[in-house]
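Undergrad:
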Amino acid sequence: MTKFLGPLDIAVVGCGVAGQAAATLLSERGHRVTVYERFTEPQPIGAGLLLQPTGLAVLRELGLADQAIARGARVVGLEARTHRGRPILDLHYAHLHPQAHGVGIHRATLFELLHERLKKSPAKLVTGAEIVDVDQTHLVEANGTRHGPFDLIVAADGAHSALRTRLMPHARAPIYPWGCMWTTVPDPSGIGAAGLLRQRVRGTKLMMGLLPVGRNEVTIYWSLPIRALGRSKTIDLLAWREAARALWPEAAPIIDHAAAAGDFARATYRHVALSHWNAGPVLFIGDAAHGTSPQLGQGANLGLMDAWALANTLDDAPELLSAFLRFERRRNPAVRYYRRASHLLTPFFQSRLAPLGWLRDAFMGPAHHVPGLRTMMGSTLAGTRRGWLSSVSLDGDGCFPLDA
Ligand SMILES: Cc1cc2nc3c(=O)[nH]c(=O)nc-3n(C[C@H](O)[C@H](O)[C@H](O)COP(=O)(O)OP(=O)(O)OC[C@H]3O[C@@H](n4cnc5c(N)ncnc54)[C@H](O)[C@@H]3O)c2cc1C
Numbered sequence: 052m053t054k055f056l057g058p059l060d061i062a063v064v065g066c067g068v069a070g071q072a073a074a075t076l077l078s079e080r081g082h083r084v085t086v087y088e089r090f091t092e093p094q095p096i097g098a099g100l101l102l103q104p105t106g107l108a109v110l111r112e113l114g115l116a117d118q119a120i121a122r123g124a125r126v127v128g129l130e131a132r133t134h135r136g137r138p139i140l141d142l143h144y145a146h147l148h149p150q151a152h153g154v155g156i157h158r159a160t161l162f163e164l165l166h167e168r169l170k171k172s173p174a175k176l177v178t179g180a181e182i183v184d185v186d187q188t189h190l191v192e193a194n195g196t197r198h199g200p201f202d203l204i205v206a207a208d209g210a211h212s213a214l215r216t217r218l219m220p221h222a223r224a225p226i227y228p229w230g231c232m233w234t235t236v237p238d239p240s241g242i243g244a245a246g247l248l249r250q251r252v253r254g255t256k257l258m259m260g261l262l263p264v265g266r267n268e269v270t271i272y273w274s275l276p277i278r279a280l281g282r283s284k285t286i287d288l289l290a291w292r293e294a295a296r297a298l299w300p301e302a303a304p305i306i307d308h309a310a311a312a313g314d315f316a317r318a319t320y321r322h323v324a325l326s327h328w329n330a331g332p333v334l335f336i337g338d339a340a341h342g343t344s345p346q347l348g349q350g351a352n353l354g355l356m357d358a359w360a361l362a363n364t365l366d367d368a369p370e371l372l373s374a375f376l377r378f379e380r381r382r383n384p385a386v387r388y389y390r391r392a393s394h395l396l397t398p399f400f401q402s403r404l405a406p407l408g409w410l411r412d413a414f415m416g417p418a419h420h421v422p423g424l425r426t427m428m429g430s431t432l433a434g435t436r437r438g439w440l441s442s443v444s445l446d447g448d449g450c451f452p453l454d455a
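Following the working numbering, the numbering of the sequence shown begins with 52 at its first residue and continues without gaps.
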């Protein structure tokens with residue numbers, strides 16, 4: 052008879068999307084879980100994000116999907132156009148299933164839902180603990196304090212993971228040359244009411260996105276090269292207002308609001324590609340394992356799926372090493388696809404390579420009329436792909452089947 056892993060002592064480093072979901076699910080399966088977070092008050096950074104059917108399925112398991120849908124904005128598709136109005140992307144979840152949809156949600160709302168859920172679980176939370184190293188089975192804080200021993204350490208400390216740098220010094224995790232600034236503002240013009248994530252582009256250097264994230268609220272994204280995003284750089288909001296209005300005149304009321312409020316967050320992203328998910332007993336999940344540019348809107352969804360897969364894999368594995376192998380087998384197809392697809396697509400939207408913009412404008416619109424390609428693009432948006440040739444079908448209710 053196979054003996055399964057008993058309750059484990061587990062440390063989760065990072066109280067973000069992936070860390071909180073993993074800690075809740077693992078502790079409720081009987082493991083003794085402690086979360087370590089560097090901030091004294093765990094907090095979300097930045098503005099809104101798009102939950103896909105994949106991420107929503109994990110939130111449903113956590114009992115949070117209805118609240119996320121009620122407090123966010125139902126998103127029915129993605130539409131991208133050039134500054135001249137030429138369509139580049141026109142994708143609707145309904146192409147996959149009539150009831151399928153995404154949810155635009157403020158980061159603070161998603162964080163609050165996950166955090167309240169974590170507090171109701173048996174997991175413990177230690178804040179103000181900046182974890183910089185692992186010594187065999189112990190965590191080591193920046194001030195030298197040690198915690199442990201642990202059977203399993205889950206590193207969910209984000210794209211700029213200190214543990215990855217320390218334990219996998221040769222892992223590839225370059226910063227993209229472009230990032231963005233973003234904020235959430237009221238939507239007096241009702242541009243978000245159609246439930247579309249909208250983008251406007253001009254060449255590869257100008258890109259603006261509008262994501263509905265709640266009742267009459269939208270998040271604005273504005274692409275910038277990273278040299279303009281340093282903390283010491285001030286953002287010239289008057290110049291931005293002029294450039295944004297010229298790119299997208301219909302969005303002028305939203306742009307004016309954002310320029311007046313001026314509280315933009317800045318984001319840089321990494322392309323993280325690990326050859327293995329673990330280093331000894333330390334398993335990397337979320338952006339720490341597979342950070343990408345947000346071009347395909349999948350990062351948080353992939354992190355939620357990692358959390359779900361980890362909790363399930365530990366349930367029926369005889370020992371930790373085989374649990375890690377099963378976890379890798381389960382997560383590699385989707386993660387590899389989205390990492391590569393994001394990496395391939397990003398320079399078409401954010402780079403100095405003007406010819407890529409010409410190619411994008413010439414071919415992406417017509418590609419929607421090629422039946423196989425349209426389905427592939429739609430399932431890529433919905434997060435259901437498992438590779439270039441395969442994807443998971445949504446169930447009868449238009450939801451993502453987690454056990455597929
Ligand atoms: C502009 C932008 C737009 C995006 N849009 C989308 C979208 O539409 N859809 C989507 O799915 N994803 C989107 N993403 C990606 C998404 O934000 C990330 O994939 C997701 O937040 C990753 O979650 P995580 O839990 O892995 O890491 P994080 O959310 O970054 O959490 C990491 C946590 O670890 C803590 N931490 C870090 N270092 C330490 C340490 N040394 N010790 C202790 N704690 C530590 C941090 O304080 C933080 O709480 C976007 C990202 C950006 C930048």
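Every residue, glycine too, gets a C-beta built ideally from N, C-alpha and C. Keep in mind the model is a prediction, meaning the values are calculated, not measured.
1) List the DSSP bridge partners of residue 237.
2) Considering only residues of the region 115–192, which uninterrupted alpha helix (DSSP H) runs meet the minimum length of 4 residues and lie entirely inside it, listed in chain order?
3) I'd like to check one pair, residue 67 with residue 209: are the Cβ atoms closer than 7 Å?
4) Is residue 61 closer than 7 Å to residue 76 when the C-beta atoms are compared?
5) Is residue 421 buried or exposed, if buried means 16 or more other CB atoms sit within 10 Å of its CB?
6) Reducing DSSP to helix, strand and coil, say where residue 329 ends up.
7) Cβ of residue 349 within 6 Å of any heavy atom in ligand 1?
8) Identify, in the order they occur along the chain, each residue of the same chain with its Cβ nearer than 6 Å to the Cβ of residue 348, setting aside the five sequence neighbours on each side.
9) Go ahead and pull the three-state DSSP assignment for residue 388.
10) Leaving aside the five residues before and after residue 174 along the sequence, list all residues of the same chain whose C-beta is less than 8 Å from its C-beta, in chain order.
11) Hey, is the region 304–321 in contact with the region 340–347, meaning 3+ C-beta pairs nearer than 8 Å?
12) Report the rounded CA-to-CA distance for residue 243 versus residue 262, giving the unit in angstroms.
13) Would the beta-carbon of residue 360 fall within 7 Å of that of residue 381?
14) How about residue 119: is its Cβ closer than 6 Å to a heavy atom in ligand 1?
15) Nearest to residue 151 by alpha carbon, out of 446, 453, 300, 119?
16) Taking the alpha-carbon positions, what's the residue 313 to residue 366 distance?
17) Using 8 Å as the threshold, is the region 433–447 in touch with the region 279–290, meaning 3 or more CB pairs across them?
18) Would you mind reading off the limits of the beta strand (DSSP E) that contains residue 99?
19) Tell me residue 60's beta-bridge partners as DSSP assigns them.
20) For residue 468, which residues from the same chain have a beta carbon less than 6 Å from its beta carbon, with the 5 sequence-adjacent residues on both sides left out?
21) What does a CB cutoff of less than 6 Å around residue 394 pick up in its chain, not counting 5 residues either side in sequence?
22) When burial is assigned at 16 or more other CB atoms within 10 Å of the CB, is residue 458 buried or exposed?
23) Checking the sheet assignment: what are the DSSP bridge partners for residue 226?
24) Where do the N-terminal and C-terminal ends of the beta strand (DSSP E) with residue 290 fall, by residue?
25) In angstroms with no decimal places, state the Cα-to-Cα distance between residue 311 and residue 427.
26) Pick from 104, 164, 113, 89: whose alpha carbon is nearest that of residue 429?
27) Per DSSP, which residues does residue 453 bridge with? Please list them.
28) Could you say if the region 118–132 and the region 184–193 meet the contact criterion of at least three C-beta pairs nearer than 8 Å?
29) Do the CB positions of residue 333 and residue 176 come within less than 7 Å of each other?
30) My understanding is that residue 222 touches residue 215, with C-beta atoms under 8 Å, so please give their C-beta distance in whole angstroms.
31) Check the C-beta distance from residue 126 over to residue 154 and give it rounded, since I have them as a contact under 8 Å.
32) Report the residue from 199, 135, 88 whose alpha carbon sits nearest the alpha carbon of residue 166.
33) Tell me whether residue 424 is buried or exposed, calling it buried when 16 or more other Cβ atoms sit within 10 Å of its Cβ.
34) If you measure between the beta carbons of residue 355 and residue 340, is that distance less than 7 Å?
35) Spell out the partners DSSP gives residue 248 in its beta bridges.
36) Can you give me the Cβ contacts of residue 142 inside the same chain, cut-off strictly under 6 Å, excluding the 5 residues immediately before and after it?
TA: With the given structure in hand:
1) For this step, residue 237 is matched to residue 186 along the sequence shown. Its beta-bridge partners are 268.
2) 116–122, 158–171, all fully within the region 115–192.
3) Counting from 1 along the sequence shown, the entry for residue 209 is found at position 158. Counting from 1 along the sequence shown, the entry for residue 67 is found at position 16. Going by C-beta atoms, residue 209 is nearer than 7 Å to residue 67.
4) Walking along the sequence shown from the start, residue 76 turns up at place 25. Walking along the sequence shown from the start, residue 61 turns up at place 10. It is not a contact, given that the beta carbons lie outside the stated cut-off.
5) Within the sequence shown, the letter at position 370 stands for residue 421. Looking at its Cβ environment, which holds fewer than 16 other Cβ atoms inside 10 Å, residue 421 is exposed.
6) Here residue 329 corresponds to residue number 278 of the sequence shown, with the count starting at 1. Residue state, collapsed to three classes: strand.
7) Walking along the sequence shown from the start, residue 349 turns up at place 298. Checking the Cβ of residue 349 against ligand 1 gives yes.
8) Working through the sequence shown from its first residue, we reach residue 348 at position 297. Same-chain partners within the cutoff: 101.
9) Taking the first residue of the sequence shown as 1, we reach residue 388 at position 337. Correct three-state label for residue 388: helix.
10) The residue given as residue 174 occupies position 123 in the sequence shown. In the same chain as residue 174, and ignoring 5 residues on each side of it, the C-beta atoms closer than 8 Å to its own belong to 63, 74, 75, 77, 78, 84, 85, 86, in chain order.
11) The region 304–321 vs the region 340–347: in contact.
12) One-based indexing of the sequence shown puts residue 243 at position 192. One-based indexing of the sequence shown puts residue 262 at position 211. When the Cα atoms are used, residue 243 and residue 262 turn out to be separated by approximately 7 Å.
13) Within the sequence shown, residue 360 is the residue found at index 309, counting from 1. Within the sequence shown, residue 381 is the residue found at index 330, counting from 1. Residue 360 is a Cβ neighbour of residue 381, given a cutoff of 7 Å.
14) For the purposes of this step, residue 119 is identified with residue 68 of the sequence shown, where counting begins at 1. Closer than 6 Å to some heavy atom of ligand 1: that does not describe the Cβ of residue 119.
15) Stepping through the sequence shown from its first residue, residue 151 is reached at position 100. Closest by alpha carbon: 446.
16) On the sequence shown, position 262 is the one that residue 313 refers to. On the sequence shown, position 315 is the one that residue 366 refers to. Rounded to whole angstroms, residue 313 to residue 366 spans 48 Å at the Cα level.
17) The region 433–447 makes no contact with the region 279–290: fewer than 3 CB pairs, one atom from each, lie closer than 8 Å.
18) Against the sequence shown, residue 99 aligns to sequence position 48. Per DSSP, residue 99 belongs to the beta strand (DSSP E) from 99–102.
19) In the sequence shown, the residue the question calls residue 60 occupies position 9. Residue pairing for residue 60: DSSP places it in a beta bridge opposite 83.
20) Here the chain comprises residues numbered 52 to 455, so residue 468 is not present and cannot be evaluated.
21) Position 343 of the sequence shown, counted from the start, is the residue given in the question as residue 394. These residues qualify, in order along the chain: 322.
22) In the structure as shown, the chain starts at 52 and stops at 455, and residue 458 therefore has no counterpart that could be examined.
23) In the sequence shown, the residue the question calls residue 226 occupies position 175. DSSP links residue 226 through a beta bridge to 321.
24) Position 239 of the sequence shown, counting from 1, holds the residue named residue 290. Bounds of any beta strand (DSSP E) do not take in residue 290; it lies within the alpha helix (DSSP H) bounded by 288–298.
25) In the sequence shown, counting from the first residue as 1, residue 311 sits at position 260. In the sequence shown, counting from the first residue as 1, residue 427 sits at position 376. The C-alpha of residue 311 lies about 40 Å from the C-alpha of residue 427.
26) One-based indexing of the sequence shown puts residue 429 at position 378. It is 104 whose Cα lies nearest to the Cα of residue 429.
27) On the sequence shown, residue 453 is found 402 positions in, with the first residue counted as 1. Looking at the DSSP assignment, residue 453 forms no beta bridge with any residue, so it has no partner.
28) Counting Cβ pairs under 8 Å, fewer than three are found: no touch.
29) The count along the sequence shown starts at 1 and reaches residue 333 at position 282. The count along the sequence shown starts at 1 and reaches residue 176 at position 125. Going by C-beta atoms, residue 333 is not nearer than 7 Å to residue 176.
30) In the sequence shown, the residue the question calls residue 222 occupies position 171. In the sequence shown, the residue the question calls residue 215 occupies position 164. Taking 8 Å as the upper bound for CB-CB distance, residue 222 and residue 215 are in contact here, some 6 Å apart.
31) Taking the sequence shown and counting its residues from 1, the one referred to as residue 126 is at position 75. Taking the sequence shown and counting its residues from 1, the one referred to as residue 154 is at position 103. Contact holds; Cβ gap of about 6 Å.
32) Looking up residue 166 in the sequence shown gives position 115. Scanning 199, 135, 88 for the CA closest to the CA of residue 166 turns up 88.
33) Along the sequence shown, one-based indexing puts residue 424 at 373. With fewer than 16 other beta carbons inside 10 angstroms of its own, residue 424 counts as exposed.
34) Stepping through the sequence shown from its first residue, residue 355 is reached at position 304. Stepping through the sequence shown from its first residue, residue 340 is reached at position 289. Between residue 355 and residue 340, the C-beta gap is not smaller than 7 Å, which leaves the two residues out of contact.
35) As a working mapping, residue 248 is identified with position 197 in the sequence shown. BP columns for residue 248 point to 129.
36) Stepping through the sequence shown from its first residue, residue 142 is reached at position 91. So the qualifying residues of the chain are 128, 129, 428, 429, 432.
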